[in-house]
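Chemist:
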């Protein structure tokens, strides 16, 4: 991912656009084929050196002109046809689209690897029962497989978002200053079409002097959305690794790894914490991305400096945290015994809904059943007594349910609903 945004690779992508422009001119008869071929062959960092571009740029203080001059120097007589009719952002925005396309392709690979890791753990722990929590409190039984399967499905949706948005994000322009194409003459539209066909990019149908920046906002929104999901996953690992919960833990090399410089017993969720911190940086780039879409008239330059930071940094950071999250889940230590222990510690009151629904099935009204079970559960918790004992002491319960029926309704394994089918369905979707 870093290589995609390195300065030399960026220069190569700019040269690729210049070459495509020369080929488009030759196809439309504006430039002789041999001149276009020369420009195409010469438009390479093998000939156009970054050092020479920097040298010219330091003198004239204009990056694209520096690149055009450096390329022209290497093209001999054909150099007079370099950059014919184009403006800087025809080249810059189109080259950026090529880099973004490469970056998205790399990101898709990392997302796929994470989804595979999550799906694998979901399948492995499809039946691993644990307590579900809402508001940080005990709620109802679930399985760890359901939790992780939901994460895999969320990653799958991000893959769909990226795939669907490519047609809007991966576009270039070749329409000259202020977007009129006047510099290309009567064949302007055909030149733009030929360039983008050569580069396999979409076309900015409504250009000004730049590609519309709502496209960048959409891109950054997707990247920020993915970062938010990954932080959510990592936050759950951090919470479940807390000492009083202890249901999962990050991989930890007991032979050599150090958790604290002073507290030798520590096993901290350092990867998850790292992921959370970096995800916040990615989301933080949303503000400059949106601000950079607000430009004066047909364009100004306030977006340029910001984009050189937030586009590459967002991709690089996101790729990093996705890879770290994949490794974390692949090596995640899942403590099934602790999950069951915590489920038991929660007590029978977590099965209050199960009892309520059982009473409704026996003919008691839903609201009456809810109030009855609410009182029993509150009394049991207040007295620190067994929930079942309070149920058995209520004639309103025992007249409708036998002790055996109560035991069945109090069994967490019998109240998973469609959990297992949901996991199976998700695994079918994400496969």
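In the numbering used here, the protein residues as written are 11 to 441.
The C-beta atom is built at its ideal place from N, Cα and C for all residues, glycine as well.
1. Could I get the ranges of all uninterrupted alpha helix (DSSP H) runs contained in the stretch 323-379, with 4 residues as the minimum, in chain order?
2. Mapping DSSP to helix, strand and coil, what is residue 223?
3. Counting pairs of Cβ atoms below 8 angstroms between the stretch 233-243 and the stretch 327-336, do you hit three or more?
4. DSSP state of residue 119, grouped into three classes?
5. When the Cα of residue 216 is compared with those of 323, 68, 178, which residue comes out closest?
6. Tell me whether residue 392 is buried or exposed, calling it buried when 16 or more other Cβ atoms sit within 10 Å of its Cβ.
7. Going residue by residue through the stretch 388-441, where are the continuous alpha helix (DSSP H) segments of at least 4 residues, counting only ones entirely within it?
8. Comparing alpha-carbon positions, which option in 329, 434, 350, 369 lies nearest residue 150?
9. Report the residue from 379, 305, 200 whose alpha carbon sits nearest the alpha carbon of residue 461.
10. Tell me where the alpha helix (DSSP H) around residue 202 begins and ends.
11. Where does residue 98 land, buried or exposed, given buried means 16+ other C-beta within 10 angstroms?
12. Among 374, 140, 57, 288, which has the Cα closest to the Cα of residue 347?
13. Say whether the stretch 359-372 touches the stretch 284-301, bearing in mind that this needs 3 or more beta-carbon pairs closer than 8 angstroms, one atom from each stretch.
14. My output table needs one value for residue 142: the three-state DSSP class, helix, strand or coil.
15. Where DSSP assigns a beta bridge to residue 213, which residues make up the other side?
16. Checking the sheet assignment: what are the DSSP bridge partners for residue 151?
17. Just the Cα atoms here: how many angstroms apart are residue 172 and residue 120?
18. Got a sec? Which residues, its chain only, sit under 7 angstroms from residue 437 by beta carbon, not counting five neighbours each side?
19. Among the residues of its own chain, which have a CB less than 8 angstroms from the CB of residue 345, if the five just before and after it don't count?
20. Answer yes or no: the CB of residue 174 versus the heavy atoms of the ligand COA, is any distance below 7 angstroms?
21. Can you find at least 3 beta carbon pairs, one from the stretch 191-204 and one from the stretch 36-47, that sit closer than 8 angstroms?
22. Name the two residues that bound the continuous alpha helix (DSSP H) containing residue 284.
23. To which residues does DSSP link residue 258 through a beta bridge?
24. How far does the alpha helix (DSSP H) with residue 84 in it extend, from its first residue to its last?
25. Is residue 44 helix, strand or coil when you go by DSSP?
26. Could you tell me how far apart the beta carbons of residue 50 and residue 32 are, in whole angstroms, since I believe they sit closer than 8 angstroms?
27. Rounded to whole angstroms, what is the Cα-Cα separation between residue 381 and residue 287?
28. Rounded to the nearest angstrom, what separates residue 277 and residue 423 at their Cα positions?
29. Since I believe residue 426 is in contact with residue 416 (beta carbons under 8 angstroms), could you give me their beta-carbon distance rounded to a whole number of angstroms?
30. Between 232, 244, 279, 390, which lies nearest to residue 253 when the distance is taken from Cα to Cα?
31. Between which residues of its own chain and residue 45 is the CB-CB distance below 6 angstroms, once the five residues before and five after are set aside?
32. Residue 91 lies in the alpha helix (DSSP H); which residues open and close that run?
33. Quick check: the stretch 179-199 against the stretch 163-170, are there 3 or more CB pairs under 8 angstroms?
34. Just reading off the alpha helix (DSSP H) that residue 18 is part of, what are its end residues?
35. Going by C-alpha to C-alpha distance, which of 180, 213, 244, 196 sits closest to residue 227?
Modeler: Based on what the coordinates show:
1. Taking only runs of at least 4 residues, the alpha helix (DSSP H) segments lying wholly in the stretch 323-379 are 346-356, 362-371.
2. Translated into the one-based positions of the chain shown, residue 223 becomes position 213. DSSP places residue 223 in coil when its eight states are reduced to three.
3. Result yes; three or more Cβ-Cβ pairs closer than 8 angstroms.
4. Taking the chain shown and counting its residues from 1, the one referred to as residue 119 is at position 109. DSSP, reduced to helix, strand and coil, places residue 119 within a helical segment of the structure shown.
5. Counted from its first residue, the chain shown places residue 216 at position 206. The residue with the shortest Cα to Cα distance from residue 216 is 178.
6. As a position in the chain shown, residue 392 is number 382, starting the count at 1. Taking all protein chains shown into account, residue 392 has fewer than 16 neighbouring C-beta atoms within 10 Å of its C-beta and is therefore exposed.
7. Fully enclosed alpha helix (DSSP H) runs of 4 or longer: 397-402, 405-408, 413-419, 429-440.
8. Against the chain shown, residue 150 aligns to sequence position 140. Nearest C-alpha to residue 150: 350.
9. In the structure displayed, the chain extends from 11 to 441; residue 461 sits before or after that span and is not available.
10. Counting from 1 along the chain shown, the entry for residue 202 is found at position 192. Residues 198-209.
11. For the purposes of this step, residue 98 is identified with residue 88 of the chain shown, where counting begins at 1. By the 10 Å Cβ count, residue 98 comes out buried.
12. The sequence position of residue 347 within the chain shown is 337, counting from 1. Selected option, being the one with the closest Cα: 140.
13. Too few Cβ pairs lie closer than 8 angstroms, so no.
14. Locating residue 142 in the chain shown gives position 132, counting from the first residue. The answer is strand: DSSP assigns residue 142 an E or B state.
15. On the chain shown, position 203 is the one that residue 213 refers to. Residue 213 pairs with 182.
16. For the purposes of this step, residue 151 is taken as residue 141 along the chain shown, with counting starting at 1. Per DSSP, 141.
17. Taking the chain shown and counting its residues from 1, one reaches residue 172 at position 162. Taking the chain shown and counting its residues from 1, one reaches residue 120 at position 110. Distance from the CA atom of residue 172 to the CA atom of residue 120, rounded to whole angstroms, is 13 angstroms.
18. Within the chain shown, residue 437 is the residue found at index 427, counting from 1. Closer than 7 angstroms at the Cβ level, and outside the excluded window around residue 437, lie 129, 132, 133, 159.
19. Translated into positions along the chain shown, residue 345 becomes position 335. Excluding positions up to five away in sequence, the list reads 256, 257, 258, 259.
20. With respect to small molecules bound, the structure shown includes none, and the ligand COA cannot be examined in it.
21. Cβ pair count under 8 angstroms is three or more, so yes.
22. Taking the first residue of the chain shown as 1, we reach residue 284 at position 274. Note, residue 284: alpha helix (DSSP H), 280-294.
23. By one-based count along the chain shown, residue 258 stands at place 248. Per the DSSP secondary-structure output, residue 258 pairs in a beta bridge with 344.
24. Here residue 84 corresponds to residue number 74 of the chain shown, with the count starting at 1. Run containing residue 84: 73-85, per the alpha helix (DSSP H) assignment.
25. Here the question's residue 44 lines up with position 34 in the chain shown. Here residue 44 sits in helix by DSSP.
26. Here residue 50 refers to the residue found at position 40 when the chain shown is read from its first residue. Here residue 32 refers to the residue found at position 22 when the chain shown is read from its first residue. That pair is a contact at about 6 angstroms.
27. The residue you call residue 381 lines up with position 371 of the chain shown. The residue you call residue 287 lines up with position 277 of the chain shown. The straight-line gap from Cα to Cα measures roughly 44 angstroms.
28. Translated into the one-based positions of the chain shown, residue 277 becomes position 267. Translated into the one-based positions of the chain shown, residue 423 becomes position 413. Approximately 31 angstroms, taken between the alpha carbons.
29. Taking the chain shown and counting its residues from 1, the one referred to as residue 416 is at position 406. Taking the chain shown and counting its residues from 1, the one referred to as residue 426 is at position 416. Contact doesn't hold; Cβ gap of about 18 angstroms is too wide.
30. Walking along the chain shown from the start, residue 253 turns up at place 243. Out of 232, 244, 279, 390, 279 has the C-alpha closest to the C-alpha of residue 253.
31. What you label residue 45 is simply residue 35 of the chain shown in a count that begins at 1. Counting only Cβ-Cβ distances below 6 angstroms, and skipping sequence neighbours, we find 88, 91.
32. For this step, residue 91 is matched to residue 81 along the chain shown. Neither: residue 91 is in no alpha helix (DSSP H) and is coded neither H nor E.
33. Three or more Cβ pairs closer than 8 angstroms define a contact, and the stretch 179-199 falls short of that threshold against the stretch 163-170.
34. The residue labelled residue 18 in the question sits at position 8 within the chain shown. From DSSP, the alpha helix (DSSP H) with residue 18 extends over 17-37.
35. What you label residue 227 is simply residue 217 of the chain shown in a count that begins at 1. Nearest neighbour of residue 227 by Cα position, chosen from 180, 213, 244, 196, turns out to be 180.
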